[in-house]
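Protein chains in written order, with my numbering: chain A, 14 to 344; chain B, 14 to 319; chain C, 3 to 254.
All C-beta atoms, glycine included, are put in the ideal place defined by N, C-alpha and C.
To start, the structure under review is shown below, and the notes come after it.
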Amino acid sequence: MSGTAPNPSAAREAGPGASRWRAGATAALMAVGVAVPIYAALTGDTYLVALASRILVYALAAVGLNLALGFGGMVSFGHAMYLGLGAYAVLLLGASGVTNGWLQLAILVIVVGVVAAVVGTISLRTRGIAFIMITLAFAQLFYFLFVSLKAWGGDEGMSLPQPSSFGPFTGNRTALYFALLATLAAALAGTHRLVGSRFGLVLRATRVNERRVRALGTAPLPYRLAAYVLSALLCALAGFFLANLTGFVSPAYLAWTVSGELIVMVVLGGAGTVVGPVAGAVGLLVLEEGLKALTEHWMAILGPLIVLMVVLLRNGLWSLLPGGVTNEARR
Amino acid sequence: MSPAFLLTQVLNGVQFGLLLFLMAAGLTLVFGIMNFVNLAHGSLYMVGAYVAALTYGRTGSFALALVAAVVGVFVLGIVLDRLGFAALHRRDHLDQVLATFGVVLFANEAMRMLFGSAPLYMDAPAALSQPVVIAGFNYPAYRGAIIVAGLLVAVGLHLLIERTRLGMLIRAGASNRDMVSALGVNVGWLARLVFALGAALAGFAGAMVGPILSIQPGMGEPVLILTLVVIVVGGIGSIRGALFGALIVGIVDTLGRGVLPGLLHLVLSPSLASAAGPALASVGVYLLMAAVLAFKPDGLFPVRHS
Amino acid sequence: MAAPLLAVSGLVKRYGGLLVTDRVDLALEAGEVHAVIGPNGAGKTTLINQIAGEVASDEGRVELDGRDITAWPVHARARAGLGRSYQVTSIIPEFTALENVLLATQSVRGHNFRGWTPVTAQRALVAPAEQCLELAGLLAHRHRSAGLLAYGAQRQLELAMTLAIEPRVLLLDEPMAGLGPAETRELIEVLQRIRHRYAILLVEHDMHAVFALADTCSVLVYGKVVFRGSPDEVRRSSVVREAYLGDEEIAA
Chain A
14 MSGTAPNPSA AREAGPGASR WRAGATAALM AVGVAVPIYA ALTGDTYLVA LASRILVYAL
74 AAVGLNLALG FGGMVSFGHA MYLGLGAYAV LLLGASGVTN GWLQLAILVI VVGVVAAVVG
134 TISLRTRGIA FIMITLAFAQ LFYFLFVSLK AWGGDEGMSL PQPSSFGPFT GNRTALYFAL
194 LATLAAALAG THRLVGSRFG LVLRATRVNE RRVRALGTAP LPYRLAAYVL SALLCALAGF
254 FLANLTGFVS PAYLAWTVSG ELIVMVVLGG AGTVVGPVAG AVGLLVLEEG LKALTEHWMA
314 ILGPLIVLMV VLLRNGLWSL LPGGVTNEAR R
Chain B
14 MSPAFLLTQV LNGVQFGLLL FLMAAGLTLV FGIMNFVNLA HGSLYMVGAY VAALTYGRTG
74 SFALALVAAV VGVFVLGIVL DRLGFAALHR RDHLDQVLAT FGVVLFANEA MRMLFGSAPL
134 YMDAPAALSQ PVVIAGFNYP AYRGAIIVAG LLVAVGLHLL IERTRLGMLI RAGASNRDMV
194 SALGVNVGWL ARLVFALGAA LAGFAGAMVG PILSIQPGMG EPVLILTLVV IVVGGIGSIR
254 GALFGALIVG IVDTLGRGVL PGLLHLVLSP SLASAAGPAL ASVGVYLLMA AVLAFKPDGL
314 FPVRHS
Chain C
3 MAAPLLAVSG LVKRYGGLLV TDRVDLALEA GEVHAVIGPN GAGKTTLINQ IAGEVASDEG
63 RVELDGRDIT AWPVHARARA GLGRSYQVTS IIPEFTALEN VLLATQSVRG HNFRGWTPVT
123 AQRALVAPAE QCLELAGLLA HRHRSAGLLA YGAQRQLELA MTLAIEPRVL LLDEPMAGLG
183 PAETRELIEV LQRIRHRYAI LLVEHDMHAV FALADTCSVL VYGKVVFRGS PDEVRRSSVV
243 REAYLGDEEI AA
């Protein structure tokens with residue numbers, strides 16, 4: 014337990030109509046998401062679309078991580094590995110002749126599902142600090158594995174021979190953008206439903222008091238593992254989009270700092286809130302762009318800002334909006 | 014594959030393992046006693062390397078460089094603890110990870126601002142620049158010196174922890190945090206001392222690698238992550254676990270890179286071997302970790318918490 | 003003769019050289035309230051943890067309805083009919099009172115791999131949950147965050163959750179802990195109303211509650227049952243006075 018939370022129980026009463034704020038903010042985020050490519054088409058601003066696409070990719074990954082970290086209390090410091098696996102799947106499958114996007118996605122789901130199940134099974138045997146360190150180490154395993162694949166670009170990375178093929182939409186950036194936006198919206202809707210379901214209740218209760226969940230007759234491990242795998246799959250999906258958006262894949266996608274940034278997004282937006290991670294992804298990536306424009310040593314500013322976030326913004330941006338069903342990760 | 018080559022590889026593995034032990038010893042105590050995840054431990058190592066290289070460059074005295082690195086990072090540890098790391102002990106692990114992640118980003122960038130992105134190089138002291146002859150073959154004296162220094166630190170830590178009052182408190186703290194404060198010991202003071210001691214060891218490790226690695230921003234994190242593997246394999250909070258875990262990881266990693274590709278060429282087709290060799294070699298320690306944890310989730314030498 | 007509903011025989015727990023539970027035997031029938039009393043540190047909570055399966059026993063057996071459950075994990079025991087409450091209130095603060103109880107009702111109704119329908123929209127789960135809340139006198143508060151309930155109401159919620167897994171045996175670890183006299187009376191009434199449905203093992207410091215509820219008392223000192231008898235016999239026993247000397251007020 015950390016002792017300095019303003020409200021020690023982390024429970025809040027939802028005032029009448031208060032959740033309208035969050036619904037409104039969600040709608041506004043989505044509206045901006047739809048408006049960006051239209052605005053870009055009118056003005057020819059390609060930079061904006063590229064930035065918005067990147068934000069959407071990381072938002073999707075952060076929504077995925079939030080499922081494990083925010084709702085499940087599993088502090089994974091290795092989720093960039095699933096982002097990377099998703100991206101490398103496009104490269105490796107494309108180069109070996111599997112170019113159909115749907116087929117790639119199907120294989121991706123199976124492979125990442127199996128990898129996440131194995132990694133999760135081993136990692137979830139541990140708790141607390143050890144879980145953080147193990148997930149980090151597993152991510153390094155895949156990082157170095159891809160670095161050592163000299164035929165696939167080694168640590169330099171490699172351009173995709175061709176994008177995933179989706180019939181007439183193949184290589185169409187606008188179609189890709191809207192597919193990504195729709196996937197994110199679906200992920201948010203799914204999370205929203207999941208959180209209040211039987212599964213969600215077990216997952217969220219386990220984060221707070223695993224012992225109690227057992228005593229009530231439920232063994233938490235299968236639910237934790239399922240949430241971990243689901244969260245990995247969302248990250249892999251984000252990686253699939255990332256590779257197709259950039260046309261390029263490299264081990265940098267699964268660098269340990271990316272895992273760290275994903276956590277920052279989740280916490281900045283609000284761990285354990287449904288839409289918070291999207292706000293966190295927007296916040297962090299826009300901040301990074303701003304700092305990069307300011308100085309080449311932008312990380313020297315970003316670092317202290319992250320420390321400040323930990324001190325001042327414990328429940329995230331989303332919790333600054335009044336009300337709604339909240340499930341803050343902090344106790 | 015000659016016996017001399019194999020022996021060199023084993024000694025290199027031991028040398029690497031002992032360096033990892035210098036890192037792991039401090040970190041594992043901080044985990045064990047303060048329940049604190051400090052990702053910035055690698056930054057302390059980096060600072061130690063920079064301090065040593067700069068001092069050596071100015072004064073030409075290797076001994077002075079070592080002392081400067083150890084003392085400097087010890088003081089830095091106390092300063093960091095006072096500046097806010099101590100306050101993090103009471104936060105949850107997520108906060109600790111995030112805050113120290115921010116510190117890592119800052120530290121790397123700060124080094125880049127101060128000394129540029131280009132790596133610094135540091136020579137081994139003249140007295141250790143010639144190879145020594147061990148059992149009829151040549152071994153670099155400086156690497157030998159790292160082995161000796163690592164073993165001395167291991168013995169020193171063992172004596173400190175098993176034979177002194179401070180060590181008794183550290184041991185008690187690792188297995189039962191509340192008991193130590195119940196004994197009327199100022200836990201804040203004990204924690205700060207342990208943290209600074211761990212920092213000094215990281216600084217020492219950084220100084221020692223100066224002559225064999227390039228010194229650059231970001232050098233700390235690969236070592237940090239391997240150190241985390243060591244700690245998880247050894248068992249969190251256990252010095253003995255850190256030592257054996259470090260030696261196992263060091264030897265497996267070094268032999269994996271040095272010997273495994275050659276071995277694979279003996280049993281696999283050349284093309285397959287050249288593809289699989291480096292891949293396997295680079296992930297060997299992580300597979301080892303996964304295997305250990307699959308059977309012993311608390312590591313090889315778990316500390317019993319009462 | 004049929005086996006008792008809960009039978010504990012020769013239960014032992016050691017921590018290093020320390021004997022925390024010393025060959026404890028217990029037998030409980032449905033409708034019976036068996037109180038375990040004793041000074042602080044007597045090992046009462048450890049005993050409950052051993053029966054519930056949170057602490058592994060070094061020796062002895064635990065049988066539920068004739069089945070040996072000694073090696074069963076906690077959740078399997080709970081599903082088989084062992085419901086326990088905690089001395090330290092163990093509710094999920096961010097859930098509403100209803101959601102807390104739903105967590106319990108759903109866990110004994112098949113698996114929870116259902117991720118789409120809101121739990122609160124499932125009558126089959128909500129109805130029994132609301133019954134438990136009503137039983138515990140909390141129905142009016144069902145939509146409030148559990149963390150914001152008054153302490154007394156949280157204790158009632160603790161009980162409601164335990165009842166919601168539809169147990170046959172209740173292991174109640176100091177249900178009255180921290181309650182005021184009025185709240186204690188209320189909780190005693192609740193337990194009086196439901197006692198006929200369960201076999202109840204009651205660990206309690208509040209002697210009013212013990213004497214009002216218990217059919218049998220076991221006095222635990224240093225992990226060992228030193229006296230067993232009716233509440234009246236306990237009141238009169240010199241052994242019990244000695245065990246409690248300077249520790250607790252025993253006169254009712």
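| Where S109/A falls, given that 16 or more other Cβ within 10 Å makes a residue buried | Exposed is the call here.
| query | When you compare only the Cα positions, how much space is there between S332/A and S194/B? | reply | 37 Å
| field | Residues of the segment 55-80 of chain C with Cβ closer than 9 Å to any Cβ of chain A, in chain order | value | G55, E56, P75, V76, H77, A78, R79 and A80
| task | Would you mind telling me which residues of chain A sit closer than 8 Å to T122/C, beta carbon to beta carbon, in chain order? | result | G209
| query | V43/B and F208/B look like a contact to me (Cβ under 8 Å); what is the Cβ gap, rounded to whole Å? | reply | 6 Å
| said: Looking at chain A, is there any beta carbon in it that lies within less than 8 Å of the beta carbon of R86/C? | reply: yes
| query | How far does the beta strand (DSSP E) with G167/A in it reach, from first residue to last? | reply | Looking at the DSSP string, G167/A is not in any beta strand (DSSP E), and its letter there is neither H nor E.
| message | Using beta carbons (cut-off 8 Å, strictly below), is L301/B in contact with chain A? | response | no
| task | Go ahead and pull the three-state DSSP assignment for R25/C. | result | strand
| field | alpha helix (DSSP H) segment containing E274/A, residue limits | value | W269 to G282
| query | When the Cα atoms are used, what is the spatial distance from F254/A to S287/B? | reply | 32 Å
| Closer than 8 Å to chain C by CB, A75/A | Taking Cβ atoms only, chain C never reaches closer than 8 Å to A75/A, which makes this a no.
| field | Backbone secondary structure at V198/B - three-state DSSP | value | coil
| request: List the residues of chain A whose Cβ lies closer than 8 Å to the Cβ of S327/B, in chain order. | output: Beyond the ends of chain B as shown, which are 14 and 319, falls residue 327/B; an answer cannot be given.
| query | For I249/B, which residues in chain A fall below 7 Å Cβ to Cβ? | reply | I142 and A143
| Does F151/A have its Cβ less than 8 Å from a Cβ in chain B? | yes
| field | Buried/exposed call for K46/C, threshold 16 Cβ in 10 Å | value | buried
| task | Keeping to the same chain, check which residues put their C-beta closer than 6 Å to that of L193/A; ignore five residues upstream and five downstream. | result | L69 and F254
| task | Return the residues of the segment 106-118 of chain C that lie within a Cβ-Cβ distance of less than 8 Å from chain A, sorted by chain order. | result | A106, Q108, S109, V110, N114, F115, R116, G117 and W118
| query | Taking the alpha-carbon positions, what's the A200/A to M126/B distance? | reply | 41 Å
| message | On a Cα-Cα basis, can you pick out the residue from P6/C, V57/C, L7/C and T119/C that is closest to K15/C? | response | That would be V57/C, whose Cα lies nearest to the Cα of K15/C.
| For the candidate residues P335/A, A245/A, G283/A and L307/A, whose alpha-carbon lies nearest to that of M322/A? | Selected option, being the one with the closest Cα: G283/A.
| Where does L65/C sit, in a helix, a strand or coil, going by DSSP? | Looking at the sequence shown, residue 65/C is not Leu but Glu. In the structure shown, E65/C sits in a strand (DSSP, three-state: E or B).
| request: Give the DSSP-derived three-state secondary structure of Y134/B in the structure shown. | output: Looking at Y134/B - three-state DSSP - the assignment turns out to be coil, as it is neither helix nor strand.
| message | Counting only Cβ pairs nearer than 7 Å, list the residues of chain C close to F212/A. | response | Residues of chain C whose Cβ lies closer than 7 Å to the Cβ of F212/A are, in chain order, N114, F115, R116 and G117.
| said: If you reduce the DSSP assignment to three classes, tell me which class D208/C lands in. | reply: coil
| In its own chain, which residues sit with a C-beta less than 7 Å from the C-beta of Y69/B, not counting the 5 before and 5 after it? | F75, A78 and M135
| query | In whole angstroms, what is the alpha-carbon distance linking G40/C and V76/C? | reply | About 25 Å.
| task | In angstroms with no decimal places, state the Cα-to-Cα distance between G85/A and A240/A. | result | 7 Å
| By DSSP, does G55/C sit in helix, in strand, or in coil? | coil
| field | Uninterrupted alpha helix (DSSP H) stretches inside the segment 244-302 of chain B (no shorter than 4 residues) | value | 252-271 and 273-280
| task | Find the residues of chain A that neighbour F114/B, judging by a C-beta separation of less than 7 Å, and give them in chain order. | result | G273 and I319
| Apart from the five residues just before and just after V62/A, which ones in its own chain have a Cβ nearer than 8 Å to its Cβ? | Here the set comprises V49, P50, A53, R186 and Y190.
| How should Y60/A be labelled, buried or exposed, when 16 other C-beta atoms within 10 angstroms of its C-beta is the threshold for buried? | exposed
| query | Taking 8 Å as the CB-CB limit, is S319/B close to chain A? | reply | The pLDDT assigned to S319/B is 43, lower than 50, so where the model puts this residue is not dependable; a value taken from the coordinates is nonetheless given after this. No, because no Cβ of chain A sits closer than 8 Å to the Cβ of S319/B.
| Nearest-angstrom Cα distance between V121/C and F97/C? | Put simply, the backbone Cα of V121/C is about 12 Å away from that of F97/C.
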